[in-house]
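Chain order of the listed sequences is W and A.
Heads up: the first sequence begins at 1 in the UniProt record's numbering, then just goes up one per residue.
Heads up: the second sequence begins at 1 in the UniProt record's numbering, then just goes up one per residue.
All C-beta atoms, glycine included, are put in the ideal place defined by N, C-alpha and C.
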Amino acid sequence: MKFAQEFKARLLQDGFPAEWVNSAISYGQLKKCIKRVQQELTTLGLDAKTLHTLLETVEQGQAVKDESHDSRNTSTASTDTSSPTVQDKPFQYLFNSSDVGGKVGSVRPKLLFVVDAKTGEPLSASLAPETRNYLHQLAVAEKLTAVRITDEDQLPPLSRSSTTTSAEEEVEGEDGEAKERRSSTGRPTKLIMVPLTSDLEFFSVLEKESSGLVALEATQRTTLTKDIVDVGRVLGKSTNPDSSSQRSDLDRWRRIFELYLDSRIFFATTERDHGAHDAAKAEKNWLLFLEQGQKANLFKNFKKRDNTKALKQFLEINQQLLQTLKFQEINSKAMTKILKKFDKRTALNAKVSFPTFLPSTLIASSFSRDLTSEVAKHILAVVPRLDDYLCPICFTIAYRPIRLRCQHIFCIRCLIVMQRAGTKNCALCREETVMEADSSHLDIAMQNFLMRYFKAESKMKQRQNEYDLFRDDFAAPGDEFMQTHGCVVM
Amino acid sequence: MALPKRIIKETERLMAEPVPGISAVPHDDNLRYFDVTIDGPTQSPYEGGTFKLELFLPDDYPMTPPKVRFLTKIYHPNIDRLGRICLDVLKGNWSPALQIRTILLSIQALLGAPNPDDPLANDVAQQWKEDQNTAIATAKEWTEKYAKA
């Protein structure tokens with residue numbers, strides 16, 4: 001009851017478009033549907049309590065059987081218990097896909113009861129007489145047996161014995177025949193279908209709605225991906241580092257994206273907090289990002305109008321991503337809840353078997369993960385980040401970049417220090433590539449790239465390198481020089 | 001001497017995104033000296049214990065490895081009575097691309113996987129090899145006695 005209201009309220013209040021709200025899981029309608037299934041089952045004497053008892057009886061019987069087998073002969077026990085759940089369940093609730101194409105309406109729930117193959121008698125004894133009668137009639141109708149249902153109800157004492165006692169009997173045939181299954185009592189059994197109508201309705205609605213949601217997600221995915229590519233394209237054009245007027249816009253974007261990545265909105269990669277975030281956390285981090293960006297005046301004063309527009313679009317894309325995540329989350333919660341309710345009211349245990357028919361996208365929320373990686377690929381990558389071009393030893397920009405034979409890049413300063421210290425192995429892969437490096441290992445393309453995109457940082461690093469080299473070459477040996485030559489200012 | 005950018009960055013990240021079960025805090029008066037704690041790994045004899053260590057970054061760090069030592073008494077075949085640690089990455093296998101956080105993670109892993117074939121504390125290693133159950137029991141006892149505040 002509580003969730004139904006929460007669901008409804010969130011659908012209305014979270015600002016989803018009307019089209020989305022219409023394709024949400026119709027929780028209320030499905031709940032009514034469950035009620036009808038429940039009524040239908042109760043009229044047949046198969047209410048939740050009865051079905052529960054049936055299952056429990058079998059489980060107990062199974063336990064007793066296992067014990068008795070262990071004491072007698074372990075080898076038969078191992079062959080026998082291979083698939084006890086299928087063989088000994090008094091009924092099964094399955095979903096058959098009648099259409100291989102997997103179109104809407106292809107999922108058909110089936111309630112199957114185990115009956116004696118010859119007499120058509122149901123094997124489960126704890127059922128009410130009317131229910132047994134009904135099942136028997138079904139069996140007869142399906143021409144499983146020629147035995148007419150007259151007064152046999154009192155007749156066969158064997159089939160009336162409870163499953164618990166019958167399970168204790170010795171098992172004869174382990175080789176279950178293809179058509180005729182054998183129960184644990186060794187009697188050939190068959191499955192008959194109990195026709196239900198409202199459960200079909202329930203699952204049809206559920207299936208239709210979930211595929212509707214999947215379709216909606218697919219549309220959203222396509223639109224957003226297109227938007228992402230668009231923004232990336234605009235960004236590529238309007239952030240040319242060679243033009244002085246655009247360089248300040250480039251810096252602004254860089255700061256925005258640094259903040260964006262540091263905010264870890266949809267996922268995080270730190271040790272303590274990694275993986276995809278749920279909608280609540282994503283929203284919190286998103287709002288924090290907006291707040292900090294505003295405070296730092298990042299979202300205003302672009303020089304080029306294209307950039308102002310692109311930023312608006314970039315923020316809109318993220319907003320949409322967040323909304324989709326929220327919508328998905330609440331719907332998949334509604335789905336879980338309604339199936340749980342169905343099982344609680346009917347004891348048919350559909351929650352386990354039903355979702356296998358659903359497209360996996362609805363269950364695993366790969367949506368935000370996929371799209372944030374699109375954002376990273378098309379948008380964030382347009383503006384290079386300093387963090388990606390640091391020397392792994394000194395943690396400053398890898399200028400000038402020396403690329404070793406093993407392809408790892410270090411700044412020239414750290415390479416010189418390594419060579420002077422006699423460190424032979426690459427700091428990243430331990431391959432012996434350090435000593436062979438010389439001026440031919442300078443990565444010119446990378447050097448130009450760094451100078452283009454990180455001019456200030458590169459220049460500063462260059463000055464520091466020169467200073468360090470000077471100190472190496474002159475200061476320390478210089479002391480020696482002064483000592484050996486006695487050149488002392490008196 | 002000014003603190004190298006590398007050390008500043010490492011410290012910042014250690015503070016902002018600490019490793020679960022590990023803390024490292026620099027001294028105010030010497031930013032190259034860290035007070036470290038490592039939680040004993042789960043399902044190891046050190047589970048539930050918090051071990052104190054000291055870590056020092058020498059002048060030529062990261063060209064040379066940090067110096068790390070256990071301050072809390074610990075019964076472990078690769079850690080001696082003075083708290084010195086026998087770990088390849090702290091010695092010959094050090095690489096300047098390794099960091100404080102990776103080294104501390106290695107030490108935490110060493111607690112989870114003692115290696116008596118490459119011992120530092122000979123008596124402990126021998127005990128570990130001859131009668132592992134007793135050795136583990138002693139390690140648990142020491143954890144209880146010394147590593148719980």
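When the cut-off is 9 Å and only beta carbons count, does R471/W lie next to chain A?
Here the question's residue 471/W lines up with position 471 in the first sequence. So, not an interface residue.
Please list, in chain order, the residues of the region 238-272 of chain W that have any C-beta partner in chain A closer than 8 Å.
T270, E271 and R272
Report the rounded CA-to-CA distance for A121/A versus V36/A, giving the unit in angstroms.
By one-based count along the second sequence, residue 121/A stands at place 121. By one-based count along the second sequence, residue 36/A stands at place 36. Approximately 22 Å, taken between the alpha carbons.
Would you list the residues sitting across from Y61/A in a DSSP beta bridge?
Within the second sequence, numbered from 1, the residue matching residue 61/A stands at position 61. None; Y61/A has no bridge partner.
Can you give me the start and stop residues for the alpha helix (DSSP H) that L442/W sits inside?
Reading the first sequence from its first residue, position 442 is the one you call residue 442/W. Run containing L442/W: none; DSSP gives neither H nor E here.
Within a Cβ cutoff of 8 Å, which residues of the same chain sit near K237/W, ignoring the five residues on either side of it in sequence?
Translated into the one-based positions of the first sequence, residue 237/W becomes position 237. Here the set comprises D306.
Ordered list of alpha helix (DSSP H) runs contained in the UniProt domain "UBC core" (2-148) of chain A, each at least 4 residues
5-16, 100-112, 122-130 and 132-146
Mind checking if A421/W is an interface residue toward chain A, Cβ cutoff 9 Å exclusive?
Locating residue 421/W in the first sequence gives position 421, where the first residue counts as 1. So yes, A421/W belongs to the interface.
Mind checking whether the beta-carbon of K309/W lies closer than 8 Å to any heavy atom of the ligand ADP?
Here there are no bound small molecules, and the ligand ADP is not part of this structure.
Contact criterion: CB-CB distance below 9 Å. Does M63/A meet it with respect to chain W?
Residue numbering aside, residue 63/A sits at position 63 when the second sequence is read from its first letter. M63/A counts as touching chain W.
Output the residue ranges of the beta strand (DSSP E) runs that lie fully inside the region 197-283 of chain W and measure 3 residues or longer, sorted by chain position.
267-269 and 274-276
Find the nearest neighbour of K455/W within the set L135/W, L250/W, F202/W and A376/W, judged by alpha-carbon distance.
Along the first sequence, one-based indexing puts residue 455/W at 455. Answer by Cα proximity: L250/W.
What does DSSP give as the partner residue(s) for K110/W in the beta ladder?
The sequence position of residue 110/W within the first sequence is 110, counting from 1. Under DSSP, K110/W takes part in a beta bridge, and its partners are L94/W.
For T79/W, does the count of other Cβ atoms within 10 angstroms reach 16, so buried, or fall short, so exposed?
The sequence position of residue 79/W within the first sequence is 79, counting from 1. Caution applies to T79/W, whose pLDDT of 39 falls short of 50 and renders its modelled position unreliable; the value that the coordinates give is listed next. Exposed, by the Cβ-count rule.
8 Å Cβ cut-off: residues of chain A touching V417/W:
To locate residue 417/W, count along the first sequence from 1; it is residue 417. Taking a Cβ-Cβ cut-off of 8 Å, the neighbours of V417/W in chain A comprise M63, given in sequence order.
Could you tell me whether the region 392-410 of chain W touches the region 363-380 of chain W, where touching means 3 or more Cβ pairs closer than 8 Å?
no
Selection of the region 33-55 of chain W by Cβ proximity to chain A, strictly under 9 Å:
none
Where DSSP assigns a beta bridge to F410/W, which residues make up the other side?
Position 410 of the first sequence, counted from the start, is the residue given in the question as residue 410/W. For F410/W, which the question treats as bridged, DSSP gives the partners I402/W.
Taking CB distances under 9 Å as the criterion, tell me whether A282/W reaches chain A.
Position 282 of the first sequence, counted from the first residue, corresponds to residue 282/W. Not an interface residue.
What's the C-alpha gap between S162/W and R345/W?
As a working note, residue 162/W is residue 162 in the first sequence. As a working note, residue 345/W is residue 345 in the first sequence. Below a pLDDT of 50, predicted positions are generally treated as unreliable, and S162/W, at 35, falls in that range; the measurement from the model is reported next regardless. Rounded to whole angstroms, S162/W to R345/W spans 25 Å at the Cα level.
Candidates D39/A, T11/A, E17/A and E47/A: closest to Y33/A by CA position:
By one-based count along the second sequence, residue 33/A stands at place 33. Residue T11/A is the option with its Cα nearest to Y33/A.
Which of the three DSSP states, helix, strand or coil, is assigned to K190/W?
Here residue 190/W corresponds to residue number 190 of the first sequence, with the count starting at 1. DSSP places K190/W in strand when its eight states are reduced to three.
Per DSSP, which one or two residues make a beta bridge with L390/W?
Residue 390/W sits at position 390 when you count from the first residue of the first sequence. Under DSSP, the beta-bridge partners assigned to L390/W are I397/W.
For the alpha helix (DSSP H) that contains R36/W, what are its first and last residues?
Taking the first sequence and counting its residues from 1, the one referred to as residue 36/W is at position 36. Y27 to T43 is the extent of the alpha helix (DSSP H) around R36/W.
Does the Cβ of N285/W have 16 or more other Cβ atoms within 10 Å, making it buried, or fewer, making it exposed?
For the purposes of this step, residue 285/W is taken as the residue at position 285 of the first sequence. Looking at its Cβ environment, which holds 16 or more other Cβ atoms inside 10 Å, N285/W is buried.
To the nearest angstrom, how far is the alpha carbon of residue 527/W from that of L98/A?
This structure does not reach residue 527/W, given that chain W is present from 1 up to 490, and the question cannot be answered.
Nearest to L442/W by CA position, among K309/W, K226/W, I402/W and K326/W, is which residue?
As a position in the first sequence, residue 442/W is number 442, starting the count at 1. Per the Cα distances, I402/W.
Using the beta-carbon count (16 or more within 10 Å), is G15/W buried or exposed?
Position 15 of the first sequence holds residue 15/W. Looking at its Cβ environment, which holds fewer than 16 other Cβ atoms inside 10 Å, G15/W is exposed.
Opening and closing residue of the alpha helix (DSSP H) in which V383/W lies:
Residue numbering aside, residue 383/W sits at position 383 when the first sequence is read from its first letter. Under the DSSP assignment, V383/W falls outside any alpha helix (DSSP H); it carries neither an H nor an E label.
I want to verify the contact list: residues of chain W whose CB lies under 7 Å from the CB of A97/A, in sequence order.
Translated into the one-based positions of the second sequence, residue 97/A becomes position 97. For A97/A, the neighbours in chain W by C-beta distance under 7 Å run, in chain order, P392, I393, A427 and L428.
Compare the C-alpha of F70/A against each of A137/A, D117/A, I38/A and S44/A and name the closest.
For the purposes of this step, residue 70/A is identified with residue 70 of the second sequence, where counting begins at 1. Cα-wise, what sits closest to F70/A is I38/A.
For a cutoff of 9 Å on Cβ pairs, would you count R6/A as touching chain W?
Along the second sequence, one-based indexing puts residue 6/A at 6. So, interface residue.
Helix, strand or coil at M435/W according to DSSP, with G and I counted as helix
For this step, residue 435/W is matched to residue 435 along the first sequence. Three-state DSSP puts M435/W in coil, outside helix and strand.
Helix, strand or coil for F302/W? Go by DSSP, reduced to three states.
By one-based count along the first sequence, residue 302/W stands at place 302. DSSP places F302/W outside both helix and strand once states are collapsed to three, so it counts as coil.
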